[in-house]
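Participant: Residue numbers (this note's numbering): 104 to 554.
Glycine residues also receive a C-beta, built at the ideal position from the N, C-alpha and C atoms.
Keep in mind it's a predicted model, so treat the numbers as computed, not measured.
1) By Cβ distance, which residues of its chain are closer than 8 Å to residue 477, with the 5 residues on each side in sequence left out?
2) For residue 339, report the span of its alpha helix (DSSP H) as first-last.
3) Look at the Cβ atom of residue 128, then the Cβ atom of residue 228, and state whether they are nearer than 8 Å.
4) Span of the beta strand (DSSP E) holding residue 444?
5) Bridge partners of residue 520, per DSSP?
6) Any chance the segment 146-161 sits against the segment 239-254, with 3 or more Cβ pairs inside 8 Å?
7) Excluding sequence positions up to five away, which residues of its chain have a Cβ less than 7 Å from the Cβ of residue 179?
8) According to DSSP, is residue 543 part of a helix, a strand, or is it coil?
9) According to DSSP, which residues form a beta bridge with residue 184?
10) Checking the sheet assignment: what are the DSSP bridge partners for residue 431?
11) Would you decide whether residue 422 is buried or exposed? Buried here means 16 or more other CB atoms lie within 10 Å of its CB.
12) Assuming residue 273 and residue 235 are in contact, meaning their beta carbons sit under 8 Å apart, how far apart are those beta carbons, in whole angstroms?
13) Tell me, which residues are paired with residue 491 by DSSP?
14) Between which residues of its own chain and residue 361 is the CB-CB distance below 7 Å, once the five residues before and five after are set aside?
15) Which residue marks the beginning of the alpha helix (DSSP H) containing residue 311, and which one marks its end?
16) With a 10 Å radius around its C-beta and 16 neighbouring C-beta atoms as the bar for buried, classify residue 412 as buried or exposed.
17) What are the start and end residues of the alpha helix (DSSP H) that includes residue 197?
18) Within 10 angstroms of the Cβ of residue 532, are there 16 or more other Cβ atoms? Answer buried if so, exposed if not.
19) Who are the Cβ neighbours of residue 176 in its own chain at under 6 Å, not counting the five residues just before and after it?
20) Tell me, please, which residues DSSP counts as bridged to residue 360.
21) Is it the case that the segment 489-498 contacts the segment 531-551, given that we only count it when at least three CB pairs across the two stretches are under 8 Å?
22) Please determine, among 391, 372, 119 and 517, the residue with the shortest C-alpha to C-alpha distance to residue 263.
23) Taking one C-beta from the segment 155-164 and one from the segment 303-322 each time, how about it: are there three or more such pairs within less than 8 Å?
24) Pairing CB atoms from the segment 254-269 with CB atoms from the segment 291-302, are three or more of them under 8 Å?
25) Starting from residue 404, trace the alpha helix (DSSP H) both ways and give me its first and last residue.
26) What does residue 499 pair with, by DSSP beta-bridge criteria?
27) Taking C-alpha atoms, which residue in 278, 232 and 252 lies nearest to residue 268?
28) Could you check the C-alpha separation between residue 371 and residue 384 for me, to the nearest Å?
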């Protein structure tokens, strides 16, 4: 099994995974894969430390694994870092599965530890995991069934940012054979036998069934992984080109021209690649396509964004998370910070004609003699109305926004300034005609919006 060491070193060198002088942070569970990883790194002469996450989910067995990894670190004479996670609490607080919780907890910790070690040692540090070829086969199958698209078909990459997976070339049995040959001790995780976890279900049930009909299925999948890596590179190049031609950024919103998008082939794939970056899933692609033929105002949501049809555009906008409460403005306050920016207030003696003719949407000039404090700053709501500057009749804000051709996301950002249940300014849009500066005005309340 000396051949495995040579293949290991060749793989690292050929893929340029890391310079041999760098420090490796090995993620070690105590299972056969991570134990073999430690042995190979030691034999190759790489400098490494060990990190072990105890998720405290298997009682005494979790404690046993931690003790075993401690003895492993002592054997190699390297530093050991252990973190005991409250995984069950994380599952409840973040409403995720146990597998997701464990993955997020360990990688967050690994990255924090990597940064800490890099500062301490003044060296480049890499997070190294023991994922192997069979893990990658399982990952690709899970991605296929979950519908992750082209990127899921290339599986785990040997190098992703600061994470290195130098064993992806090796099959599981090769690692087991190496451990037996070297008489390496390791521990078994009893949860690996439970089919309630997706990966175990794929490993124990799906792959054996596939091999009954297609004996070379695992080997063929591994070959396909290599092909899909090249395909994905070409695919992403094409997608990036389409994005460059399609997307128009306006502040924190992204505008996509419907007609231009509809003319692409294949537009569904391009649309999915655009929206998935904003939390939309593959299952929502059909709903997104339907928006191309929908009326203005129709939208779908992800956990963080809205995809909205607005006239000739699809608009991707963050979900509004600002408080919808009211802000009380007392007399004498010079500045008020709110979800839409900052209001600056001052009472001035200003030439009334200049103030009255001011067309700046972000500044309101109001007759101070007609203003009574306190004022209320709040979000607009259905049913609100005011008398737009220059008009003697009232108009509902909803109609006012339609006339101004505001999108749904633009309307959601609108705040109003209210006095005695009367709207005196639709902030950033227009003042109420009843409170305008008149020829007899002596003092002016100037309110400026800063965003």
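Facilitator: Well, looking at it:
1) Along the chain shown, read from residue 1 onward, the residue named residue 477 stands at position 374. For residue 477, where only same-chain residues beyond five positions count, the Cβ hits under 8 Å are 431, 432, 433 and 434.
2) Taking the chain shown and counting its residues from 1, the one referred to as residue 339 is at position 236. Where residue 339 is concerned, the enclosing alpha helix (DSSP H) stretches over 320-349.
3) In the chain shown, residue 128 corresponds to position 25, counting from 1. In the chain shown, residue 228 corresponds to position 125, counting from 1. Yes; because the gap between Cβ atoms is below 8 Å, this pair is in contact.
4) For this step, residue 444 is matched to residue 341 along the chain shown. First-last of the beta strand (DSSP E) with residue 444: 444-451.
5) Working through the chain shown from its first residue, we reach residue 520 at position 417. 480 and 528.
6) no
7) The sequence position of residue 179 within the chain shown is 76, counting from 1. Here the set comprises 141 and 145.
8) The count along the chain shown starts at 1 and reaches residue 543 at position 440. Coil.
9) The residue labelled residue 184 in the question sits at position 81 within the chain shown. In the DSSP output, where bridge partners are listed per residue, residue 184 has 154.
10) Here residue 431 refers to the residue found at position 328 when the chain shown is read from its first residue. Looking at the DSSP assignment, residue 431 forms a beta bridge with 479.
11) To locate residue 422, count along the chain shown from 1; it is residue 319. Exposed, since its Cβ has fewer than 16 Cβ neighbours within 10 Å.
12) Within the chain shown, the letter at position 170 stands for residue 273. Within the chain shown, the letter at position 132 stands for residue 235. The Cβ separation is near 5 Å, so the contact holds.
13) On the chain shown, residue 491 is found 388 positions in, with the first residue counted as 1. According to DSSP, residue 491 bridges with 535.
14) Residue 361 sits at position 258 when you count from the first residue of the chain shown. Excluding sequence neighbours, residue 361 sits near 395, 415, 416 and 417.
15) The sequence position of residue 311 within the chain shown is 208, counting from 1. Its alpha helix (DSSP H) spans residues 310-316.
16) For this step, residue 412 is matched to residue 309 along the chain shown. Residue 412 comes out buried.
17) Looking up residue 197 in the chain shown gives position 94. Unbroken alpha helix (DSSP H) run through residue 197: 190-197.
18) One-based indexing of the chain shown puts residue 532 at position 429. Buried: at least 16 other Cβ atoms inside 10 Å.
19) Looking up residue 176 in the chain shown gives position 73. Same-chain partners within the cutoff: 153 and 183.
20) To locate residue 360, count along the chain shown from 1; it is residue 257. Per DSSP, 416.
21) yes
22) Position 160 of the chain shown, counted from the first residue, corresponds to residue 263. It is 119 whose Cα lies nearest to the Cα of residue 263.
23) no
24) no
25) Your numbering for residue 404 matches position 301 in the chain shown. No alpha helix (DSSP H) holds residue 404; the beta strand (DSSP E) holding it covers 402-404.
26) One-based indexing of the chain shown puts residue 499 at position 396. Bridge partners of residue 499: 488.
27) Here residue 268 is taken as the residue at index 165 of the chain shown, counted from 1. Of 278, 232 and 252, the residue nearest in Cα terms is 232.
28) If you number the chain shown from 1, residue 371 lands on position 268. If you number the chain shown from 1, residue 384 lands on position 281. Computed Cα separation, rounded: 13 Å.
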